Structure formats: structure tokens, C-alpha cells
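J.:
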Amino acid sequence: MAYLISEEAQDLLQDVKNFCEKEVKEPCKEFDVSGEWPKEIYEKAFEQGYQALEVPEEYGGPGLSRVDVAALIEQMAIADAGFATTISASGLALKPVLIAGSEAQKERVCELVLEGGLGAFCLTEPGAGSDAGAGKTTAVKDGDSYVLNGRKCFITNGGVAAFYCVTAMTDKTKGVKGMSMFLIEAGTPGLSTGKEENKMGIRTSNTCDVVLEDVRIPASNLIGEEGKGFSIAMKTLDQARTWMGCIAAGIAQRGIDEAISYGKERIQFGNPVIKNQGLQFKVADMQIKTETARQMVAHALTRMDLGLTYTMESAIAKCYASDIAMEVASEAIQIFGGYGYSREYPVEKLLRDAKIFQIFEGTNEIQRIVIANNIIGR
Amino acid sequence: MELLVCIKQVPDDSVEISLDPVSKTPALQGVTPVVNAFDTYALEMAARLKEAHGGEITVVSIGGEDVKNSLKNCLAVGADNAYLVKEEAAFSHDPAGIAKTLKKAIGEIEKDRGKPFDLIFCGKESTDYASSQVGLFLGEESSLPVAANVISVEPVEGGIKLKQETEEGYRVMEAALPCVVTIQKPNYDPRYPTIKSKMAARKKEITELSPIENLESQFKVLQILEPPKRAAGVKIKGDNIQEAVTEAMSVMTKARIF
Numbered sequence: 005m006a007y008l009i010s011e012e013a014q015d016l017l018q019d020v021k022n023f024c025e026k027e028v029k030e031p032c033k034e035f036d037v038s039g040e041w042p043k044e045i046y047e048k049a050f051e052q053g054y055q056a057l058e059v060p061e062e063y064g065g066p067g068l069s070r071v072d073v074a075a076l077i078e079q080m081a082i083a084d085a086g087f088a089t090t091i092s093a094s095g096l097a098l099k100p101v102l103i104a105g106s107e108a109q110k111e112r113v114c115e116l117v118l119e120g121g122l123g124a125f126c127l128t129e130p131g132a133g134s135d136a137g138a139g140k141t142t143a144v145k146d147g148d149s150y151v152l153n154g155r156k157c158f159i160t161n162g163g164v165a166a167f168y169c170v171t172a173m174t175d176k177t178k179g180v181k182g183m184s185m186f187l188i189e190a191g192t193p194g195l196s197t198g199k200e201e202n203k204m205g206i207r208t209s210n211t212c213d214v215v216l217e218d219v220r221i222p223a224s225n226l227i228g229e230e231g232k233g234f235s236i237a238m239k240t241l242d243q244a245r246t247w248m249g250c251i252a253a254g255i256a257q258r259g260i261d262e263a264i265s266y267g268k269e270r271i272q273f274g275n276p277v278i279k280n281q282g283l284q285f286k287v288a289d290m291q292i293k294t295e296t297a298r299q300m301v302a303h304a305l306t307r308m309d310l311g312l313t314y315t316m317e318s319a320i321a322k323c324y325a326s327d328i329a330m331e332v333a334s335e336a337i338q339i340f341g342g343y344g345y346s347r348e349y350p351v352e353k354l355l356r357d358a359k360i361f362q363i364f365e366g367t368n369e370i371q372r373i374v375i376a377n378n379i380i381g382r
Numbered sequence: 003m004e005l006l007v008c009i010k011q012v013p014d015d016s017v018e019i020s021l022d023p024v025s026k027t028p029a030l031q032g033v034t035p036v037v038n039a040f041d042t043y044a045l046e047m048a049a050r051l052k053e054a055h056g057g058e059i060t061v062v063s064i065g066g067e068d069v070k071n072s073l074k075n076c077l078a079v080g081a082d083n084a085y086l087v088k089e090e091a092a093f094s095h096d097p098a099g100i101a102k103t104l105k106k107a108i109g110e111i112e113k114d115r116g117k118p119f120d121l122i123f124c125g126k127e128s129t130d131y132a133s134s135q136v137g138l139f140l141g142e143e144s145s146l147p148v149a150a151n152v153i154s155v156e157p158v159e160g161g162i163k164l165k166q167e168t169e170e171g172y173r174v175m176e177a178a179l180p181c182v183v184t185i186q187k188p189n190y191d192p193r194y195p196t197i198k199s200k201m202a203a204r205k206k207e208i209t210e211l212s213p214i215e216n217l218e219s220q221f222k223v224l225q226i227l228e229p230p231k232r233a234a235g236v237k238i239k240g241d242n243i244q245e246a247v248t249e250a251m252s253v254m255t256k257a258r259i260f
């Protein structure tokens, strides 16, 4: 079972599978240990154009439906979730501009991405996680410019991005209504990156602090209007969440694949362990969960493509897929027995990779608040 | 330079294939069709030649509608034009028949494009039936020089310089153009199709050509056999090294290894 995708996406899926099998899956193992950002692997991926999958057709993108793209991203996640996160986080950073940016901004960021640049979405701050409105970064209008100061943390692609979409307070007195969104290109004086996180999982992705010290940008780099930053950020996350669900489902799929191939190989009591109905039921449950998660991802994406509402569906997809990715990864380890706990084997990494998906782009507790608000009403 | 690469679609060679117990023919259901690996090396070599010295690359294949997908994959990794000789029964032809069909196709393509080919590439063999003969027959049919097992080509004054892999090492030679080369794996890998090149390739037209009617084979396949299953080994259990070695030597002597 898989996503129902167009013929051209099926064709591309074969290519992505082939590329990831040879260039991502095995090579990423080494970087999972070292925590180093595998620049060479990413450069090959940029040649393939993976970072530009979400660029709209009118700006030079491939013009695939969201479900088509999901099938490709899942394939990347099966190979390595950190790799897929890097690619997808670039799509995340495109969204504020695509949602609210000017024509010139859209053209510029799409151009950067098509050239092989990544984006970084900068919302979280040390004191503003789930409470994103508590951000302390400021943007002060000064003639034709804004001057930004503050510190963002846990920023995916922070150290490797070509452009940043940054939230900052333009009017502290108004709370979330005083937040605005800005586009900052890499190399702008005053923008630097701080500590790189030594993470539990998705270790092939780059996560670090982004520091803004008197960063002066043209006023035309304001995305949308002043005071709309929080709303743009929430709309961005509404869409982006489903993609995290997509990667989480990919982690779960890898768990199933590994568990089945090991279960057929491992002989105990004279038979492959997968012959035990106890393990067959485990695999069936893993499949039930993964396929359900995948189809929830597809449903949320189809709603986006059709222009329908998707806030709740996106939250369900992200929340459910990441919860079951943890369960499926854990069961995959169980099927491997003692070997599953060893770093020599591929499944312990899945559990480490899966955990973050319950946390970032809105914790699963926040997702449940979103879902509850959607059905109970305020 | 005008370059032609002859392409064969084969079952994915990374999958182990067994015989269908009833029909006694290879069971290919569910095996992904791919471009023959040696043809992908040939195409990559042609693409590098084109990038360095200019020209155009045409690919041609023989087969049914599904082969168009393989040709589109070629268009995504360097080929400019693609032609398909529409022949559902391509698999029933012997290598000489395939070469005759290719010769006819080449004449038609040259007429269609208004210019002759300078260099014709074939893989040195296919990964399915591995006859290694099509390129050689094609040279013979077309009265062109042929060089087999080539790992590099480079244009020189009045022709091309070729590096051929032999059992002992390499042979470097020059040939006048036009000529046919069959390609051995060079020391690089074929490029991956990019998302963009694949999307563009899917939109390109593939020109269909007609096969030779009532093409006769010079030989026919009587039976296809699976390679024998590896027999169980002999376990030698001597009490000491001397005994074990003596027994091992006697087993090998009986098997006429020496």
C-alpha cells in the first residue's frame, strides 16, 4: 500500500528510490554517528532538485500535486529521516512567502531554492516554544529599513540556509498582534548562527541558534503586513505539520521493512521468527498504524490541494503519524531482540529519529489542543 | 558529432529470476523493466562526449509500448531524441535479426533527421540474454568498423581514439568514422535523472518506426534452463590437521581439480 499518485510521480518515485538507496541510506549511517551535516550528500540531492519539490510550477517548480510530493518525501524518510527533514524544512521556510509574500519575494525565494539553496523558518526562541507569542525578538522600523535583534533557537537548517523567514515583534504592546514576519537572506550583516545542537535523532539535519544583532534589512523584506506575523506563522505550521506526518510515516515504514526482512532471516527454534503468530500480529499492527497515518497525511494534503480547510486534518496527521512512528520503531526493535538495541543494526536509530516528530512544529499536546478546538469550538 | 545509442529494455538485473514451473520461461511478472546496464554506460559515455565536444544524442530501441518508458528515462539523462521500432515480438529475434532491424531503423532515422550518425554505441552485452553479438552483427550488416569492449572514446583528427578492455589489459586504437562501438563499464557511473530532466523527458515525443516483416531467425531457442543449484559441500572431520589435509587432498584429486 502506498500513496495513490500520478503516473509521472510513480516514475519519479523509482528514481528517488534508486537515488536514496545508493546515495542516502548507507552513507547517512556514518553521519548519524558523527552528527556532521553531510554536505556532499545534500549537494547531490540538490542536483536532483529535491529541495525544489514544493516550488509552485509558475515559479519554476515541477508542478506535482502535494500527494505526489509526499510519496517522494516518504521515500527520502525511509532512507534517512534527517535527510528528509532538511529537504522538507526548506519547504517549510518557503511557506510564509508563498502564503503572504509579495510577487518579488516569491520569485526571489523560489529562485534561491531552485539554485540549490535551503530555507530556514525561525519562530522558536529560548523562552517562546509552544507559547510562540512570547517571542522577544524585535524589529524596529528605521526609514526604509527594519532593524532586527534577538535570538532564535532549534532552527532546522539554521547554519546552512540561503534564506530565513523570521518572526519579530514590531509592537510589543499588542502581543501576538504585534508580531511580524521578515525575509532575511544569508550573508546579511548581523545575522549569525550560534550553538549547533547535538541531537538525539535526525542527526543528519542541521539545528542551531540563529542570532540577530542589528540586522538591517530593506522594509520591502516585510512578509505581508505588520502585525500579521503570528497569523502567517500559524498558517505556515498548519500546512507544514502534515509534511512532518509524512516523514514520520516514512520512519514507521522503514521499521516495518527492517522488521520483516530480519524476521525472515532470524532463525530460532529451527524456524524464522516471523513464522510465530505473535510476531505476525505485531507486524500487522505496525502496518495498520502506518497505513492509517499515511492515508491521513494524504487526506490532509488532498484538502490543501482542493482549497478546503485542513487545520484539523493536518494536526491529526502530524500527531498520529509521529505517535505511531514511536510505537512502530519500538516494536521493530522488539522484533530484532537484543540486536535491535545495538547500534550495529538499523532500528534503534528509528526510535531516536521518531521522537522529535512528537515535539517540533507544535508538540503533540498542542496538536490535541488544535484538534479539540476544531471540534468543541471555543 | 551525431551519436546514436542502441537501447535494450531488460528485467531489473538486481532481482533473482526463476523459471515459471508451467511455461518453463523466465517468470518476469512484477520485475521492473530497466535499461540494460551496459546501454546506460554507453549513454553516459555518449553524454560526456556530447558535453565536451558538442553534437546530439539519439536513442533507439526495439519493443512494445512499455519500452517508451525506458526511452524516456534515456531522454532524462542526456539523450535528445528517441525512436522506437514497434515490435512486440522483439524477444523472439536472434541477435542477427535485431541487428538487421536496427540497420533498417538507423537508415530511417538518418533520413528523418537529415544527417548520418558518426558514432553508434551499443552496450557490450545485455544483462538478460547476454549474447554480446548485436553490436558486432550491426557493424557487419552496415559494413562499418566495430570495436568491442570499449571503455573510452575521444575524437581525434579524422576519427576517434578508442580504449578497449582486453583479457590482458587495454588496447588503444583509432578508427575512422562512422563506426560502431560496444561499451564495457567505464570507471564512472551513469548520472541520475533529475526531477526537472525527468519531467521534461516525459513530455517529449518518441517517434515510432516499423519493424521488418516476417523476419526469420537463424536459430531458435529450444529450452531455457536454470543454473544448477549449488550442491551441498563436503565436511571434512579429521582428528588432526594431517588427517584433515590428507582427506581434503584426496577429495580434490578425485574431483580432478589437479
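Protein sequence lines, in the order shown, are assigned to chains U and X. Every letter in the first sequence is one number past the one before it in the working numbering, and letter 173, counting from 1, is 177. Every letter in the second sequence is one number past the one before it in the working numbering, and letter 10, counting from 1, is 12. Built from N, CA and C at the ideal position, the CB exists for glycine as well. Values in this document were obtained by computation on a predicted structure and should not be read as measured data.
Where Glu348 of chain U and Lys33 of chain U are concerned, what is the direct C-alpha to C-alpha distance, given to the nearest angstrom?
T.: Within the first sequence, the letter at position 344 stands for residue 348 of chain U. Within the first sequence, the letter at position 29 stands for residue 33 of chain U. Their backbone Cα atoms lie some 10 Å apart in a straight line.
J.: Within 10 angstroms of its Cβ, does His95 of chain X collect 16 or more other Cβ (buried), or is it exposed?
T.: As a position in the second sequence, residue 95 of chain X is number 93, starting the count at 1. Here His95 of chain X is buried: its Cβ has 16 or more other Cβ atoms, across all protein chains shown, within 10 Å.
J.: What does Ala84 of chain X pair with, by DSSP beta-bridge criteria?
T.: Locating residue 84 of chain X in the second sequence gives position 82, where the first residue counts as 1. DSSP lists X:Val61 as the bridge partner or partners of Ala84 of chain X.
J.: Do you know whose CA, among X:Glu110, X:Phe260, X:Val247, X:Gly99, lies nearest Asn216 of chain X's CA?
T.: Walking along the second sequence from the start, residue 216 of chain X turns up at place 214. Answer by Cα proximity: X:Gly99.
J.: Counting only runs of 4+ residues fully inside the region 112 to 184 of chain U, write out the alpha helix (DSSP H) ranges in chain order.
T.: none
J.: Ignore the nearest five residues each way along the sequence and tell me which others in Ile278 of chain U's own chain have a CB closer than 6 Å to its CB.
T.: The count along the first sequence starts at 1 and reaches residue 278 of chain U at position 274. Hits under 6 Å: Gly267, Lys268.
J.: Determine, for Leu122 of chain U, whether the minimum Cβ-Cβ distance to residues of chain X falls below 8 Å.
T.: Residue numbering aside, residue 122 of chain U sits at position 118 when the first sequence is read from its first letter. Not closer than 8 Å to any Cβ of chain X, the Cβ of Leu122 of chain U fails to qualify, so no.
J.: Report buried or exposed for Leu224 of chain X, applying the criterion of at least 16 other Cβ atoms within 10 angstroms of its Cβ.
T.: For the purposes of this step, residue 224 of chain X is taken as residue 222 along the second sequence, with counting starting at 1. When all chains shown are included, Leu224 of chain X counts as exposed.
J.: Nearest by alpha-carbon distance to Ser212 of chain X: which of X:Tyr85, X:Tyr43, X:Leu45, X:Cys76 is it?
T.: Locating residue 212 of chain X in the second sequence gives position 210, where the first residue counts as 1. The option with the nearest alpha carbon to Ser212 of chain X is X:Tyr85.
J.: Against chain U, which members of the region 203 to 220 of chain X pass a CB distance test of less than 7 Å?
T.: Arg204
J.: For Ala132 of chain U, I'd like the list of residues in its chain whose CB is within less than 8 Å of its CB, leaving aside the five on either flank, ordered along the chain.
T.: Here residue 132 of chain U corresponds to residue number 128 of the first sequence, with the count starting at 1. Contacts found: Ala138, Gly139, Lys140.
J.: Nearest chain X C-beta to Glu51 of chain U closer than 8 Å, yes or no?
T.: For this step, residue 51 of chain U is matched to residue 47 along the first sequence. By this cut-off, Glu51 of chain U is an interface position.
J.: How about Tyr194 of chain X: is its C-beta nearer than 8 Å to some C-beta of chain U?
T.: Mapped onto the second sequence, residue 194 of chain X falls at position 192. Judged by the 8 Å Cβ criterion, Tyr194 of chain X is in contact with chain U.
J.: Do Phe40 of chain X and Gly141 of chain X have their beta-carbon atoms positioned less than 8 Å apart in this structure?
T.: As a position in the second sequence, residue 141 of chain X is number 139, starting the count at 1. As a position in the second sequence, residue 40 of chain X is number 38, starting the count at 1. It is not a contact, given that the beta carbons lie outside the stated cut-off.
J.: Name the residue from U:Asp289, U:Asn377, U:Asn368, U:Glu317 whose alpha carbon lies nearest to the alpha carbon of Ser326 of chain U.
T.: Taking the first sequence and counting its residues from 1, the one referred to as residue 326 of chain U is at position 322. Residue U:Asn368 is the option with its Cα nearest to Ser326 of chain U.
J.: Candidates U:Glu30, U:Ser94, U:Gln257: which alpha carbon is nearest Glu119 of chain U's?
T.: Numbered from 1 along the first sequence, position 115 holds the residue referred to as residue 119 of chain U. Here the closest residue by C-alpha is U:Ser94.
J.: Residues in the same chain with beta-carbon distance under 7 Å from Lys203 of chain U, minus the five sequence neighbours each way, listed in chain order, please.
T.: Residue numbering aside, residue 203 of chain U sits at position 199 when the first sequence is read from its first letter. The residues Thr211, in chain order, have a CB closer than 7 Å to that of Lys203 of chain U in the same chain once the five nearest residues on each side in sequence are set aside.
J.: Taking all protein chains shown into account, decide if Glu352 of chain U is buried (16 or more other Cβ within 10 angstroms of its Cβ) or exposed.
T.: For the purposes of this step, residue 352 of chain U is taken as residue 348 along the first sequence, with counting starting at 1. Looking at its Cβ environment, which holds 16 or more other Cβ atoms inside 10 Å, Glu352 of chain U is buried.
J.: Have a look at U:Ile221, U:Lys293, U:Asp213, U:Arg220 and flag the residue whose alpha-carbon is nearest the alpha-carbon of Pro130 of chain U.
T.: Along the first sequence, read from residue 1 onward, the residue named residue 130 of chain U stands at position 126. Selected option, being the one with the closest Cα: U:Asp213.
J.: Based on DSSP bridge pairs, tell me the residues matched to Arg220 of chain U.
T.: Position 216 of the first sequence, counted from the first residue, corresponds to residue 220 of chain U. Note: Arg220 of chain U sits in a beta bridge opposite U:Val151.
J.: Once you ignore the five residues that flank Ile158 of chain X on each side, which residues in its own chain have a CB closer than 8 Å to its CB?
T.: To locate residue 158 of chain X, count along the second sequence from 1; it is residue 156. Note on identity: in this sequence residue 158 of chain X is Val, with Ile being the wrong assignment. So the list reads Glu176, once near-sequence residues are dropped.
J.: Output, in chain order, the set of chain X residues within a Cβ distance shorter than 9 Å of Glu12 of chain U.
T.: Position 8 of the first sequence, counted from the start, is the residue given in the question as residue 12 of chain U. Those are Lys200, Met201, Arg204, listed as they occur along chain X.
J.: Hey, is Pro66 of chain U's beta-carbon within less than 8 Å of any beta-carbon in chain X?
T.: Here the question's residue 66 of chain U lines up with position 62 in the first sequence. Pro66 of chain U counts as touching chain X.
J.: Note down, in chain order, every chain U residue with its Cβ under 7 Å from the Cβ of Ile100 of chain X.
T.: Against the second sequence, residue 100 of chain X aligns to sequence position 98. Residues of chain U passing the Cβ test: none, with the nearest at roughly 26 Å.
J.: From what residue to what residue does the beta strand (DSSP E) around Lys199 of chain U run?
T.: In the first sequence, residue 199 of chain U corresponds to position 195, counting from 1. That run of the beta strand (DSSP E) goes 195 to 200.
J.: Looking at the unbroken beta strand (DSSP E) that takes in Lys232 of chain U, where does it start and where does it end?
T.: Within the first sequence, numbered from 1, the residue matching residue 232 of chain U stands at position 228. Segment: none, Lys232 of chain U is in no beta strand (DSSP E) and carries neither H nor E.
J.: State the start and end residues of the unbroken beta strand (DSSP E) segment that holds Met175 of chain X.
T.: Within the second sequence, the letter at position 173 stands for residue 175 of chain X. Note, Met175 of chain X: beta strand (DSSP E), 172 to 177.
J.: Taking all protein chains shown into account, decide if Thr177 of chain U is buried (16 or more other Cβ within 10 angstroms of its Cβ) or exposed.
T.: Taking the first sequence and counting its residues from 1, one reaches residue 177 of chain U at position 173. With fewer than 16 other Cβ atoms within 10 Å, it is exposed.
J.: Kindly indicate which residue of U:Lys26, U:Ala124, U:Lys232, U:Leu8 has the alpha-carbon position closest to the one of Met80 of chain U.
T.: Numbered from 1 along the first sequence, position 76 holds the residue referred to as residue 80 of chain U. It is U:Lys26 whose Cα lies nearest to the Cα of Met80 of chain U.
J.: Exposed or buried, what is Lys199 of chain U when buried is set at 16 or more other beta-carbons lying within 10 Å of its beta-carbon?
T.: Sequence index remark: in the first sequence, residue 199 of chain U carries index 195 (1-based). So Lys199 of chain U ends up on the exposed side.
J.: When Cβ atoms are compared, which residues of the region 17 to 38 of chain U fall closer than 9 Å to chain X?
T.: Listed in sequence order: Gln18, Asp19, Val20, Asn22, Phe23, Lys26, Glu27.
J.: Output, in chain order, the set of chain X residues within a Cβ distance shorter than 7 Å of Leu116 of chain U.
T.: The residue you call residue 116 of chain U lines up with position 112 of the first sequence. Correct list: empty, because the minimum Cβ distance to chain X is about 16 Å.
J.: Note down, in chain order, all residues in the region 70 to 101 of chain U with a beta-carbon under 9 Å from any beta-carbon belonging to chain X.
T.: The residues in question are Leu76.
J.: Can you pull the chain X residues whose beta carbon is under 8 Å from the beta carbon of Asp213 of chain U, in chain order?
T.: To locate residue 213 of chain U, count along the first sequence from 1; it is residue 209. Listed by position along chain X, the residues whose Cβ is nearer than 8 Å to that of Asp213 of chain U form an empty set, because the closest Cβ is around 32 Å away.
J.: Can you find the residues in the same chain that come closer than 7 Å, C-beta to C-beta, to Val236 of chain X, ignoring five residues on each side of it along the sequence?
T.: What you label residue 236 of chain X is simply residue 234 of the second sequence in a count that begins at 1. Only residues of its own chain outside the window of five on either side were considered, and among them Val253 have a CB closer than 7 Å to the CB of Val236 of chain X, listed in chain order.
J.: Who are Ser154 of chain X's beta bridge partners in DSSP?
T.: The count along the second sequence starts at 1 and reaches residue 154 of chain X at position 152. Answer is X:Lys165, bridged to Ser154 of chain X.
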